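Reading through the structure tokens given below for one structure.
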Amino acid sequence: MDGIDYKICRTQQRLYEYAARHGYEIEQFSNFFLSSDFCSRAFDVLYSRFQLETPVECMDFILEEADDKLKENAVKKADDEEADVAGFIGLIYRMLYFITPYTSKELCEKVPYSTVKKFYSAYGQETENYIAEDICINLHLNYDSQKVELKV
Numbered sequence: 017m018d019g020i021d022y023k024i025c026r027t028q029q030r031l032y033e034y035a036a037r038h039g040y041e042i043e044q045f046s047n048f049f050l051s052s053d054f055c056s057r058a059f060d061v062l063y064s065r066f067q068l069e070t071p072v073e074c075m076d077f078i079l080e081e082a083d084d085k086l087k088e089n090a091v092k093k094a095d096d097e098e099a100d101v102a103g104f105i106g107l108i109y110r111m112l113y114f115i116t117p118y119t120s121k122e123l124c125e126k127v128p129y130s131t132v133k134k135f136y137s138a139y140g141q142e143t144e145n146y147i148a149e150d151i152c153i154n155l156h157l158n159y160d161s162q163k164v165e166l167k168v
């Protein structure tokens with residue numbers, strides 16, 4: 017994975033953190049986003065301006081597509097730890113996209129949200145790219161071991 021791929025992963029991380037801080041239930045948000053037409057058009061492509069865009073700009077398009085399927089909870093905003101977990105999940109899903117042959121929608125089906133969340137406990141002891149590789153190994157997913165290394 018090269019430097020620009022990692023920056024795109026970080027964009028998705030910030031998007032998930034933003035969604036958590038604005039009261040969106042992250043599992044629902046994640047499943048919707050990964051399966052959305054917006055994700056397919058803007059993130060599962062070689063280049064899109066959204067890959068390095070702000071979370072606010074991306075959310076405008078996600079919410080337009082969601083059409084009331086995602087509800088912001090004004091009462092339940094994520095604290096820093098919950099937002100960190102959400103960001104981790106977003107980052108890992110995008111890393112999985114880069115190291116596997118699967119689309120985001122396929123990853124949403126093959127890699128349950130609960131599985132990615134479970135790996136959060138390894139965060140800090142292991143780098144994100146190796147956590148993504150561990151998920152591939154545990155779930156018997158095809159992946160390119162050459163793409164696991166971060167080349168910045």
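The sequence shown lines up with residues 17 to 168 when you count with this note's numbering. Glycine included, every Cβ here is placed at the ideal spot set by N, Cα and C. None of the values given here were measured: they were computed from a predicted structure.
Spell out the partners DSSP gives LYS167 in its beta bridges.
DSSP, once it has assigned bridges, lists ASP18 as partnering LYS167.
Distance, Cα to Cα, THR119 vs ILE153?
If I take the Cα positions, the gap works out to 18 Å.
Does DSSP classify TYR113 as helix, strand or coil?
Look at TYR113 here: in three-state DSSP terms it is helix.
Pick helix, strand or coil for TYR139, following the three-state DSSP scheme.
Residue state, collapsed to three classes: strand.
For the region 18-50, list the alpha helix (DSSP H) runs that are entirely contained and at least 4 residues long, ordered along the chain.
DSSP runs (the alpha helix (DSSP H)) wholly in the region 18-50: 19-37.
Using DSSP with H/G/I as helix, E/B as strand and the rest coil, what is PRO128?
The DSSP-derived three-state label of PRO128 is coil.
Could you name the residues of the same chain whose beta carbon sits closer than 6 Å to that of MET17, not counting the 5 residues immediately before and after it, in chain order?
The answer, listed in chain order, is PHE114, LYS163, LEU166.
Under 8 Å between C-beta atoms of THR116 and LEU157:
The answer is yes: Cβ separation under 8 Å.
Length of the line joining the Cα atoms of GLU98 and TYR34
In a straight line, the C-alpha of GLU98 is about 11 Å away from that of TYR34.
Other residues of its chain near ALA94: CB distance less than 7 Å, five sequence neighbours each side excluded:
Within the same chain, ALA94 has close Cβ partners ALA36, ARG37, ALA102.
Do you know offhand how far ALA72's Cα is from GLU81's?
The residue you asked about is not Ala; residue 72 is Val in the sequence shown. Distance between the alpha carbons of VAL72 and GLU81 is about 14 Å.
Within 10 Å of its beta-carbon, does GLU149 have 16 or more other beta-carbons around it, so buried, or fewer, so exposed?
It is buried - the Cβ of GLU149 has at least 16 other Cβ atoms within 10 Å.
Between TYR159, ASP100, ASP60, GLU122, which has its C-alpha nearest SER137's C-alpha?
For the residues TYR159, ASP100, ASP60, GLU122, the minimum Cα distance to SER137 belongs to ASP100.
Please report the residue range of the alpha helix (DSSP H) in which TYR80 lies.
Rather than Tyr, the amino acid found at residue 80 in this sequence is Glu. 71-82 is the span of the alpha helix (DSSP H), which, as asked, contains GLU80.
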